[in-house]
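Numbering (full-length UniProt numbering), first residue to last: 1 to 121.
Cβ coordinates follow ideal geometry from the N, Cα and C atoms, glycine included.
The structure displayed is predicted, hence computed values, not measured ones.
Please read the structure below before turning to the comments.
Following this line, the structure appears as structure tokens:
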């Protein structure tokens, strides 16, 4: 018998909207959708998590045109988290094999560029 985990809450800010709340069972996956109306130039999407009692952490930043496993997960495990961004205006973030420690606030942000973009002269 699997336990039901606590809420996974998300935040919506003006031009960026995402899945408002999820209730999932331990061992299942939780997928969140993020959409924005800022335009196709906003091809970078950032997924953050804040668990109770801790500071906010960037889990992954994804870019349109990259495969799911090519996004930058930093020190986070690609087996635990996945991101998909096939078009500029939306993306999906998934937490796999849910555990009690995954409970928290998840949210996305978008930008026109990333700090890894390079300038050409």
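Could you give the DSSP three-state label for residue 85: helix, strand or coil?
Taking the first residue of the chain shown as position 1, residue 85 is located at position 85. Residue 85 falls in the strand class under three-state DSSP.
Checklist line | Given 8 angstroms, three or more beta-carbon pairs between the stretch 42 to 60 and the stretch 100 to 116 | finding: Contact holds between the stretch 42 to 60 and the stretch 100 to 116, because three or more Cβ pairs, one in each stretch, are under 8 angstroms apart.
**Item:** Sequence-distant residues of its chain with Cβ nearer than 7 angstroms to residue 68 (five each side left out)
**Value:** Residue 68 sits at position 68 when you count from the first residue of the chain shown. If we look at residue 68 and ignore the five residues flanking it on each side, its Cβ neighbours are 82, 83, 84.
- request: On a CA-only basis, which of 22, 44, 39, 66 is nearest residue 31? Give me that one, please.
  value: For the purposes of this step, residue 31 is taken as the residue at position 31 of the chain shown. Answer by Cα proximity: 22.
ask   = Thinking C-alpha only, which one of 26, 65, 35 is nearest residue 20?
value = Reading the chain shown from its first residue, position 20 is the one you call residue 20. Here the closest residue by C-alpha is 35.
How many Å lie between residue 29 and residue 92 at the Cα?
Residue 29 sits at position 29 when you count from the first residue of the chain shown. Residue 92 sits at position 92 when you count from the first residue of the chain shown. Going by the C-alpha atoms only, they are around 12 angstroms apart.
Review point. Across which residues does DSSP place residue 36 in a beta bridge pair?
Key: In the chain shown, counting from the first residue as 1, residue 36 sits at position 36. Residue 36 is bridged by DSSP to 16.
Q) CA-CA distance, residue 96 and residue 27? A) Taking the chain shown and counting its residues from 1, the one referred to as residue 96 is at position 96. Taking the chain shown and counting its residues from 1, the one referred to as residue 27 is at position 27. The straight-line gap separating the alpha-carbon atoms of residue 96 and residue 27 is approximately 8 angstroms.
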